[in-house]
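Written out below as structure tokens is the structure these notes cover.
In my numbering, the protein residues as written are -8 to 444.
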């Protein structure tokens, strides 16, 4: 077998080690399914609350016409590519966001490549279409890139998928757990700064952060009209080992606001040019979220989508809760928060969003990644199914807001008062429904999501 060498450092000396040449394998093939789903989304109502009534009036800027469908699923097998890097286990496209730039629709997402054997030799240098170089660690679990793909107004691929350059491969892994041995950006979230489009991701640090224990940090990068450099975001003196799931809010005079946590709702401000961030506010709804998590049997709550501003001045976004009953399970909830300090969360959905599985029929965890308001009445929620799809669901803005209930003037006990036994039974019933669900066109059902992210 053909050999190559890499340089291993031992006591400051470079030792050349032979490694078998990496074999190019075909991509995993999957099929695309466009769900012919109903346009009716029904939400349960809770008489304890008054609904937050609002209309969205800002215009998205691009025409979207899904030809009578309200769900679209795209997989990596559906798109043209010229990628040099290929993997013997799987190549996937997921974690989507929908972007309009100069009247052209784009899918911004994550491409992930994995080798089943775990024996990595060649890695893409700076882009998936470029040259291959020796991987910084042969035990890597995965390599990821942010990708962009032009779409038609029907949200169908309209050209070649391309990866964004990401200058991270000189980074060398430390003694990490197996699930942390990965390179590249994850979970792109769209940011708008004036007329330009940026993404916020998380990935291995490029430079030296204030806390050297941080192995994944948040990053920002311009993607339209030009592709800019990657900037690591650093909260001086307050960096955790893994920083992820920050939710973009809005640009403010050369800075950008992010939500960092749901409870307490912590808001941070980051300087775009330097990446330096500071904590600017936090607010609590401790009693409410304690009862909320107990009722829905949720272990942890993670931020999910970007925030969009409603005409009332409130912000709308979606978070997801990790099940305490069944592993690898998520529920997605819309919520609203104030547009002024301390940006307090004011409303939370009484029931989770319904997001169809599409082509994935078993173990299909689902979580949302992006939300855009097309016009005064319609929104597109981007989501992923089992880390295998870039999916889009069209929903009426009024239906989303009608299900969001105010939490500012009621006690936590008045919000969720069902017993632990009833709640556990509810979770079990939802798990059973998901496991038995088919992917028949037109089937919109409650989605119980499974994931370890």
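Every residue gets a Cβ at the ideal spot worked out from N, C-alpha and C, and that includes glycine.
Since this is a predicted model, take the numbers as computed values, not measurements.
- Straight-line measurement puts the Cα of residue 252 at about 15 Å from the Cα of residue 332.
- Closest in alpha carbon position to residue 367, among 358, 271 and 391, is 391.
- Your pair residue 97 and residue 148 does not check out as a contact, with CB atoms roughly 11 Å apart and the cut at 8 Å.
- Beta-bridge analysis with DSSP links residue 85 to 101.
- The three-state secondary structure of residue 310, taken from DSSP, is strand.
- Per DSSP, the continuous alpha helix (DSSP H) segment holding residue 287 begins and ends at 277 to 287.
- By the Cβ neighbour-count rule, residue 290 is exposed, with fewer than 16 other Cβ atoms within 10 Å of its own.
- The beta carbons of residue 382 and residue 63 sit closer together than 8 Å.
- Setting aside the 5 residues that flank it on each side, residue 205 is surrounded in the same chain by 196, 230, 231, 232, 233 and 234, each with a C-beta closer than 8 Å to its C-beta; the list follows chain order.
- Here the C-alpha atom of residue 117 lies approximately 18 Å from the C-alpha atom of residue 191.
- Counting along the chain, residue 248 sits inside no alpha helix (DSSP H); it lies in the beta strand (DSSP E) bounded by residues 246 to 252.
- Taking a contact to require three or more Cβ pairs closer than 8 Å, the stretch 273 to 286 and the stretch 334 to 347 qualify as touching.
- Here residue 396 is near residue 339, since their CB atoms are less than 8 Å apart.
- About 21 Å separates the CB atoms of residue 369 and residue 357; that is not less than 8 Å, and the two are not in contact.
- Assignment of residue 391 by DSSP, reduced to helix, strand and coil, places it in the helix class.
- In this structure residue 279 is not in contact with residue 292, their Cβ atoms being roughly 12 Å apart against a cut-off of 8 Å.
- Nearest neighbour of residue 207 by Cα position, chosen from 67, 222 and 66, turns out to be 222.
- A direct Cα-to-Cα measurement between residue 242 and residue 58 gives close to 34 Å.
- The closest CA to that of residue 344, considering only 329, 184, 295 and 330, is found on 295.
- Rounded to the nearest whole angstrom, the CA to CA distance from residue 299 to residue 112 is 42 Å.
- Within the DSSP bridge table, the entry for residue 151 names 71 as partners.
- Beta-bridge pairing by DSSP links residue 256 to 274.
- If you draw a straight line from the Cα of residue 355 to the Cα of residue 143, it comes to about 27 Å.
- A Cβ-Cβ distance of about 7 Å is found for the pair residue 238 and residue 180, placing them in contact under the 8 Å criterion.
- Relative to residue 378, the option among 349, 364, 385 and 393 whose CA is nearest is 349.
- Comparing alpha-carbon positions, the option among 283, 126, 155 and 78 lying closest to residue 114 turns out to be 126.
- The C-alpha of residue 135 is placed about 18 Å away from the C-alpha of residue 151.
- Residue 135 has 103 as its beta-bridge partners, per DSSP.
- Note on geometry: alpha-carbon atoms of residue 157 and residue 189 lie some 14 Å from one another.
- In this model, residue 93 and residue 314 are separated by some 40 Å (Cα to Cα).
- Runs of alpha helix (DSSP H) with 4 or more residues, each lying fully within the stretch 177 to 209, are absent.
- Just measuring C-alpha positions, the residue of 240, 301 and 277 sitting nearest residue 255 is 277.
- Residue 215 and residue 83 have their C-alpha atoms spaced approximately 23 Å apart.
- Counting C-beta atoms within 10 angstroms of its own C-beta, residue 380 has 16 or more neighbours from the protein chains shown and is therefore classed as buried.
- The Cβ atoms of residue 120 and residue 153 lie closer than 8 Å to each other.
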